[in-house]
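Below: the structure, in structure tokens.
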Amino acid sequence: MRTVAVKRLDELEVGSFCKVTVDQKDILLVRLEDGVFATSDICTHALVSLSGGWLEGNIICCPKHGGKFDARTGKAVAFPAVTGLKTYRTSVVDGQVMLEV
């Protein structure tokens, strides 16, 4: 495992998300009130990018069929999604969002 800087914290507003690509993996960064979280960007049900979806609090909503995932844990929380998302550890160092990959 290694840790890489992926985004400046001030570029990611609370309540928003963005897609970053590290080592050819598309990863969704989500900034909530209590921190920055990272999951796979691909819906486990519809196989589409979650970066085209929206947030409802800490819940990532898929734009294709409305599957929902908890941004903090990756857990699938609403049908048709039943399989959770891969999650990644994050930290903030000197204003940079760091990601373990």
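Its first residue numbered 1, the sequence shown is counted upward by one per residue in UniProt numbering.
Note that the Cβ used here is the ideal one computed from N, Cα and C, for glycine as well.
Quick one: what's got a C-beta closer than 8 Å to residue i's C-beta in the same chain, skipping five residues either side?
i   : result
V22 : V4, V6, L99, V101
V36 : L9, L12, L29, V30, T90, V92, V97
Name, in chain order, the residues that DSSP records as bridge partners for residue i.
i   : result
M98 : A5, S91
E56 : I59
A38 : L29, Y88
S49 : I42
Going by DSSP, what residue range makes up the beta strand (DSSP E) through residue i?
i   : result
F17 : 16 to 22
V77 : 76 to 78
D70 : 68 to 70
Only counting the same chain, and skipping five residues up and downstream in sequence, which positions put a Cβ closer than 6 Å to that of residue i?
i           : result
V48         : K64
T87         : T39, G74
P80         : H45, H65, G67
residue 102 : The question about residue 102 has no answer, for the chain in this structure spans 1 to 101.
L85         : T39, S40, F69, G74
R24         : Strictly speaking, residue 24 in this sequence is Gln, with Arg absent from that position. Cβ neighbours of Q24 beyond the five flanking positions: none.
V71         : The sequence given here places Ala at residue 71; Val does not occur at that position. So the list reads V30, F37, N58, I60, once near-sequence residues are dropped.
Return the chain-ordered list of same chain residues with a C-beta closer than 7 Å to the C-beta of residue i, the five sequence neighbours on each side being excluded.
i   : result
A46 : C62, K64, H65, G67
S16 : R31
G53 : I60, C61, C62, P63
Return yes when at least one heavy atom of the ligand GDP lies under 7 Å from the C-beta of residue i, else no.
i  : result
V6 : In terms of ligand content, the structure shown is empty, and the ligand GDP therefore cannot be addressed.
Within 8 Å, do at least three Cβ pairs link the region 52 to 66 to the region 86 to 100? no
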